[in-house]
Amino acid sequence: MRELKFRFIDIGDGTVYKPITLKELCLRIEIPRRIILESENGDFVDTDDFLDLLEKGELIADQYTGLKDKNGKEIYEGDIVTLTGEWEEIECGDCHIITYENGCFRVGEGYENEAGSYLSDWRIIGNIHENHELLEEE
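Number 19 in the numbering used here belongs to position 19 of the sequence shown; there are no gaps in the numbering.
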């Protein structure tokens, strides 16, 4: 069974928090004033702040795909990936966004389901929350 894990992003200040499993999130949220999320730089969100941010729509959750890229890094919804090898008509070096639609994760436009088995050939180069410049047309 695939591990249900999420990476949360505060859209107000751009803080990206360390991934947390759904099970751990449920256990932590039951205790008032408990730290729910932690960032790499030491920022944290406790139970009250977490619920407040969710209610205001200021916290985005990107779901873990259950897959890793060619470097072993976990791939999340919202990640920007590039193909490191060759695979059918996708051009090497193109940037693609990982999305979740209609019950499956997709790579860019139209590469659904079967692309999942090839994600080990992809490399994460950023995410849509922190690296908008990777998506800009030249």
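Idealized CB from N, CA, C, for every residue including glycine.
No experiment lies behind these values; they were computed from the predicted model shown.
Residue Y76 holds the alpha-carbon nearest to the alpha-carbon of G126 among N102, G103, Y76. Ranked by Cα distance from D13, the options R34, E101, L53, T47 are led by L53.
For the pair T47 and I20, the CB atoms are not nearer than the 8 Å cut-off. As a beta-bridge residue in DSSP terms, E38 pairs with F44.
By the 16-neighbour rule on beta-carbons within 10 angstroms, L27 is exposed. CA-CA distance, T65 to V81, rounds to 13 Å.
Secondary structure note for I29: it is in no beta strand (DSSP E), and the uninterrupted alpha helix (DSSP H) holding it is 22 to 29.
L134 and C95 do touch by the CB rule: their CB atoms are close to 5 Å apart, below 8 Å. The continuous beta strand (DSSP E) containing Y100 extends over residues 95 to 101. Inclusion of L51 and F44 in the CB contact set at 8 Å is not warranted, their separation being larger than that value.
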